[in-house]
Structure formats: C-alpha cells, structure tokens
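I have placed the structure first, in the form of structure tokens, so that the comments after it can refer back to it.
In the numbering used here, the protein residues as written are 416 to 672.
Shown next as structure tokens:
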C-alpha cells in the first residue's frame, strides 16, 4: 500500500503515482484534490480516497456504485458552504465583505471557492476569491487584502493544511475572522470551523483498504459520507478579534480556550 498525502503540484503527484505503478503497489490512499491527478495516471490500481469534496463529479459513477478503481469518503463540501456562512454571519454581524482563499493549482478547491463566492453573493455579501499557488504566495495575499475584507473563508486542501499556522497567524494579525473546514485550523489559532471529524474519516478509509486487501473490488464498495459534523470555536481568538460568540453557538460547539 502507498499513500499520497502531501501538498505539491499536479506534476509532483503524477510523478509519485507513476513511481507507485512501477513498484506495483496494492492500494493507493490519497485525499483531497490529488485524486483527479492520481486517477489520470492509473485506472487499475485500487484507490481509496480518505477525504474528498464531491467525488461524484466525474470521478466515480455514483456514490452507491462507484465502479472503476476508486472508492472512499465524500465530505460533500458544497453542502457545507451554506452552514459555514450562516455560522460566520452569526459571529461576525458586521460581515459585508468576504474573501475566499483557495489553492489555484487544483480544480476541486477552486470549485468550492467559486461556490462559496456565489453563495455569499446570494446572501448580499461582496465576495472575492484569493488564489494562491504555493506557500510563498500566502503572505503577499494577506497584504493585498488588508483593510479590504471583513472575514476570510479558507478552502482546505493539502497546501492550505500544511500552512495552517501561517494562515491563521496572518489572519489574526490582519484582524480577519476565519471560517475553516476542521479543528486543526482552529487549534492553530483560527476562529471557527464546521466540518466532519477527519480522524474518523481516515479510520473509515482504513476499513475500506482492509476490504480491498481481502479481495473486494473498490468499485463495489460504496462511497461513504460522514454522519456527524463538528462546530469548533477558538474563544481566545474571538476575544482577540473583539467578537462576542452567541451563547447558543457556545452551547453546541467544542470550545478551545
């Protein structure tokens, strides 16, 4: 079994996958936007997707019967955008201008960014995408939006995850409340996140790997979706930003002090 689970360019993921083919690995476990690249390289080696946004969009035949060589976990990020923006508006009542940060090197993060922009605009917000290509783009991106945004929606992917501390530190310095995908970002200093428990997703993916190694075809294993979503709030970050989190949210959230 081999794992692709790091930030990098599409070419780098393709190179890794080609190496796995040469080594004749049994299963490739990947996550996020790397799947589309991996799938272009191999249609024979079983692929288990630990975390993905909407893999039904051209990557599997259907969630119930994926077919081909891919199965895994679907986060369905597009369905979470409305909820994240609703939560953000509760905590940031003065929200009028939203910036959406995403890795421009992959299609899936950009799709979520575009959907978040459209949803925000439908709510009457001014919204703009902030595209980054590498770690070196993050600090200049924050400099470009200083004073031009009321909050930041961060689209998660391996590049963003690898730079989460930098992103949350710069956001706090710029006094930008952040809405994020999962708790690691909040522990790093982000304001709040809403999404599934990613550790549980990887545990479920491990069960799928076990089934494949025991002989089940990946195309016969239904793509699963998380059944529970977590709201996590960093109270110290809220205080630093001068935000009063409604008691109704604190009552249902995991609160980091």
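Even for Gly, the Cβ is constructed at its ideal location relative to N, Cα and C.
Rounded to a whole number of angstroms, what is the C-alpha to C-alpha distance between residue i and residue j?
| i | j | result |
| --- | --- | --- |
| residue 464 | residue 671 | 29 Å |
| residue 442 | residue 486 | 11 Å |
| residue 582 | residue 482 | 38 Å |
| residue 517 | residue 504 | 20 Å |
| residue 562 | residue 429 | 39 Å |
| residue 615 | residue 438 | 29 Å |
| residue 589 | residue 558 | 9 Å |
| residue 626 | residue 633 | 8 Å |
| residue 431 | residue 664 | 43 Å |
| residue 570 | residue 596 | 7 Å |
| residue 506 | residue 498 | 13 Å |
| residue 461 | residue 484 | 5 Å |
| residue 420 | residue 617 | Reliability fails at residue 420, whose pLDDT of 46 lies under 50, so the model's placement of it is uncertain and the value that follows must be treated cautiously. In a straight line, the C-alpha of residue 420 is about 12 Å away from that of residue 617. |
| residue 591 | residue 629 | 49 Å |
| residue 554 | residue 607 | 21 Å |
| residue 451 | residue 445 | 10 Å |
| residue 602 | residue 453 | 31 Å |
| residue 502 | residue 440 | 43 Å |
| residue 560 | residue 456 | 38 Å |
| residue 667 | residue 568 | 21 Å |
| residue 536 | residue 545 | 15 Å |
| residue 662 | residue 550 | 36 Å |
| residue 650 | residue 641 | 26 Å |
| residue 656 | residue 624 | 43 Å |
| residue 638 | residue 508 | 38 Å |
| residue 427 | residue 579 | 21 Å |
| residue 652 | residue 584 | 10 Å |
| residue 636 | residue 658 | 45 Å |
| residue 405 | residue 449 | No answer is possible for residue 405: the residues shown for the chain start at 416 and end at 672. |
| residue 480 | residue 552 | 40 Å |
Could you tell me if residue i is buried or exposed, where buried requires 16 or more neighbouring beta carbons within 10 angstroms of its beta carbon?
| i | result |
| --- | --- |
| residue 654 | exposed |
| residue 643 | exposed |
| residue 422 | Low confidence applies to residue 422: its pLDDT is 47, below 50, so where it sits in the model is not reliable enough to give any reading. |
| residue 622 | exposed |
| residue 458 | exposed |
| residue 679 | The question about residue 679 has no answer, for the chain in this structure spans 416 to 672. |
| residue 611 | buried |
| residue 669 | exposed |
| residue 527 | buried |
Confirm, please, whether the CB-CB distance from residue j to residue i is below 9 Å.
| i | j | result |
| --- | --- | --- |
| residue 500 | residue 648 | no |
| residue 436 | residue 520 | no |
| residue 532 | residue 547 | no |
| residue 599 | residue 523 | no |
| residue 609 | residue 646 | yes |
| residue 513 | residue 495 | no |
| residue 566 | residue 510 | yes |
| residue 488 | residue 619 | yes |
| residue 466 | residue 490 | yes |
| residue 530 | residue 493 | yes |
| residue 604 | residue 576 | no |
| residue 543 | residue 556 | no |
When every heavy atom of the ligand HEM is checked, does at least one fall within less than 8 Å of the C-beta of residue i?
| i | result |
| --- | --- |
| residue 566 | Absence of the ligand HEM from the depicted structure is noted, as is the absence of any ligand whatsoever, leaving it without description. |
Would you mind listing the alpha helix (DSSP H) stretches within the region 480–565 that are 4+ residues and don't spill past its ends, in chain order?
You should have 496–506, 522–537 and 553–560.
Can you list, in chain order, the stretches of the beta strand (DSSP E) that have 3 or more residues and sit fully within the region 588–652?
Fully enclosed beta strand (DSSP E) runs of 3 or longer: 593–595, 607–611 and 644–649.
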